[in-house]
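Please read the structure below before turning to the comments.
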Amino acid sequence: MRPDYIPDELPHRDEQISKISSILAPLLRGEKPNNIFIYGLTGTGKTAVVKYVLLKFKEYATKIGRDFNYSYVNCRYDDTTYRVLAKLAEGIGVKIPFTGLSTSEVFNRIITALDSLSTSLVVVLDEIDFLVKKRGDELLYRLTRINEELKGSKITIIGVTNDVKFMERLDPRVKSSLGEEEVIFPPYDAIQLEDILLHRASKAFKPGVLDEGVISLCASIAAKEHGDARRALDLLRVSGELAEREGASKVVRDHVLRARMEIERDRVAEVIKTLPLHGKLVLLSLAINPGGTTGEVYNIYRDICKSLAVEPVTQRRVSDIISELDMLGIINTRIVNRGRYGKTRVINLNTDSETLIKVLSEERKIEAFIKNLRSR
DNA sequence: CGTCCACAGGAATGACGGGCGG
DNA sequence: CCGCCCGTCATTCCTGTGGACG
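Put into structure tokens, the structure is as follows:
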């Protein structure tokens, strides 16, 4: 049930699998496939499909004696030019020290190795938007042009992202090269999610331990949250863990509902932990006064700052903090025009305010303030 | 029909701390 | 190893805006 598990069957992704396969087919004839750009929201199976297809290709290629190599790089974790290149080198069996070389030296070593190997290298750049956001598209540009320098081998790039606007930020030359082929992964609907869950559950759970309706409940909850299969699987897994912890003989619907709460609380707690102090204070103001406008929230925020003897930030900054909280999915904002009474944002919580306050009270500075608040 | 409210949100700039690269 | 650069948080100043009100 873990998110990094790659199943041997991927329901409802046949279309994407066959499309990617046909794009990569030239590999089996020893030719260079087009570069591929893959787009889809989180939990739509992008990574699993790409890994799956490459695995199958590798198996088959080995069998028919048409070998090729591939490297998988997750740019969220390997977010420097050096580390991406090192991963890439790893894919063709070139050892690169974890530090000490200049990037151009690594580049040269890769080129030399590729020339002598005369193979095809497929590079998967997962969450490629992270790389570009941090380093720009220079590396991408060089990678797309590398084939011109190579004699023996060819490189194919598969870029994966969930950022819609990603392509717009690219250099046009990189854009046209990377976007030779595009594959889109639509979100799953509730019925498809149910299928996926059934499929996985048959391997992870003993027959009969899942009560009736448990799977469809997980599926419908996840479908409402943008058809994210990872969320659906997490929900089922945590439900199971919850039931196990309690020594229950069956996983019932109630476990799912509680698992949902637990996941939500963990997620919120995780986000809040990394929030800067003023982010937390603004969130506290929001929890005290849900449904308020920016101005109202700012007044409450200032009061909180005063009683904590903290210097408040400007309203401009608070406005940005609210936007950030919105992006993180903790709150919901809506811009309203109230004519004579101005234009502002109405802010609603996405999470139960009690939960928020409970999590926030773990912050030392805020703890006392909340105790005080409670006693009134 | 023009005003003006209550902000949204862009641009320029700066302090600061950590990590990259030479 | 050390300086510089870059990302983050923040300020200041600013222009933009939909519609109720007079």
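Residues 10 to 385 (the working numbering) are what the first sequence spells out, left to right.
Note that beta-carbon positions come from the ideal geometry of N, C-alpha and C, so glycine has one too.
Between Ile-339 and Asn-359, the C-beta spacing is below 9 Å.
The segment 277-294 and the segment 325-336 touch, with no fewer than 3 CB-CB distances between them shorter than 8 Å. Our two residues, Gly-301 and Gly-348, have alpha carbons roughly 17 Å apart in a direct line. A direct Cα-to-Cα measurement between Leu-284 and His-235 gives close to 25 Å. Taking C-beta separations shorter than 7 Å and ignoring five residues to either side along the sequence, the partners of Gln-324 in its chain run Tyr-307, following chain order. The straight-line gap separating the alpha-carbon atoms of Leu-226 and Arg-274 is approximately 19 Å.
In the DSSP annotation of this structure, the continuous segment of the alpha helix (DSSP H) that includes Gly-304 starts and ends at 303-317.
Under the criterion of beta carbons closer than 8 Å, Ala-278 and Ser-362 do not qualify as touching, at roughly 15 Å. If you draw a 10 Å sphere on the C-beta of His-208, you find fewer than 16 other C-beta atoms in it, and that means exposed. Listed in chain order, the beta strand (DSSP E) elements of length 3 or more contained wholly in the segment 114-146 are 129-135.
Rounded to the nearest whole angstrom, the C-alpha separation of Gly-161 and Val-218 is 56 Å. Shown here, Asn-156 sits in a helix according to DSSP, grouped into three states. Between the segment 13-26 and the segment 157-172 there are fewer than three C-beta pairs closer than 8 Å, too few to call the two in contact. When secondary structure is reduced to three states using DSSP, Asn-171 falls in the coil class, being assigned neither helix nor strand. Per DSSP, reduced to three states, the secondary structure at Ser-80 is strand. For Glu-250, the three-state secondary structure derived from DSSP is helix. DSSP places Gly-288 in the uninterrupted alpha helix (DSSP H) bounded by 286-297. Rounded to whole angstroms, the separation of the alpha carbons of Asn-357 and Val-223 is 30 Å. Contact annotation: the segment 163-174 touches the segment 37-57, with at least three C-beta pairs closer than 8 Å. The alpha-carbon separation between Ile-29 and Tyr-150 amounts to approximately 22 Å. Beta-bridge partners of Gly-49 (DSSP): Phe-194. The segment 195-278 is shown to contain whole alpha helix (DSSP H) runs of 4 or more residues at 199-213, 223-233, 238-255, in chain order. Taking the Cα positions, Asn-346 is about 10 Å away from Val-355.
Of all alpha-carbon atoms in Leu-251, Leu-37, Thr-153, Val-192, the one lying nearest the alpha-carbon of Leu-179 is that of Thr-153. Relative to Lys-67, the option among Ser-129, Thr-303, Ser-27 whose CA is nearest is Ser-129.
The shortest C-alpha to C-alpha distance from Arg-373 to any of Arg-326, Thr-342, Lys-282 is the one to Lys-282.
Of the residues Leu-286, Val-82, Phe-214, the one whose Cα lies closest to the Cα of Glu-371 is Leu-286. Comparing C-alpha distances from Ala-377 to each of Ala-318, Pro-35, Ser-125, Arg-326 shows the shortest one belongs to Ala-318. Taken through DSSP and simplified to helix, strand or coil, Asn-44 comes out as coil. When secondary structure is reduced to three states using DSSP, Leu-365 falls in the helix class. Nearest to Ser-113 by C-alpha distance, out of Lys-215, Leu-94, Ile-205, Ser-27, is Leu-94. Rounded to the nearest whole angstrom, the CA to CA distance from Thr-90 to Lys-104 is 16 Å. Collapsing the DSSP output to three states places Ile-29 in a helix. Within the model, the alpha-carbon separation for Glu-221 versus Ala-213 is close to 16 Å.
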